[in-house]
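Under the numbering used here, read the sequence shown as residues 1 to 86, first letter to last.
What follows is a single structure, written as structure tokens, with notes after it.
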Amino acid sequence: MLVPSSRLVTTDDWPAAELHAAVLAGDLVAVGACWASVAEPQDAALRAASYGWSVGDPRVVAGGLSAAWIWGGCSRPRSTRRSSRR
Numbered sequence: 001m002l003v004p005s006s007r008l009v010t011t012d013d014w015p016a017a018e019l020h021a022a023v024l025a026g027d028l029v030a031v032g033a034c035w036a037s038v039a040e041p042q043d044a045a046l047r048a049a050s051y052g053w054s055v056g057d058p059r060v061v062a063g064g065l066s067a068a069w070i071w072g073g074c075s076r077p078r079s080t081r082r083s084s085r086r
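Structure, rendered in structure tokens:
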């Protein structure tokens, strides 16, 4: 299991239902496959940590639309599939 930035919350930390409830309550905002506090600035480091957690391998290099999302060039990340080799 990869440990994302302490600024992120994942389904490894909380059940998905609680995370979605926190989004509806206005406490969290989705950052790719992870979530962060609404007060947390959504910068490239935060999006890169989310991407790294979602692909499951720290050796993966983001390219194309994924890299564009990390650097703020597009509004949504390219969908990634969780690796079964965790």
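C-beta: ideal position from N, C-alpha, C; glycine also.
Asked, Found
"Local Cβ density within 10 Å of A49, reported as buried at 16 or more and exposed below that", "buried"
"Endpoints, alpha helix (DSSP H) assigned at S66", "64-70"
"Exposure label - S75; buried when at least 16 CB within 10 Å", "exposed"
"Spatially closest choice to R47 from G32, V38, H20, V61, by CA coordinates", "G32"
"G72 to R59 span [Cα, whole Å]", "21 Å"
"V61 beta carbon less than 7 Å from that of W35", "no"
"Under 7 Å between C-beta atoms of A22 and L28", "yes"
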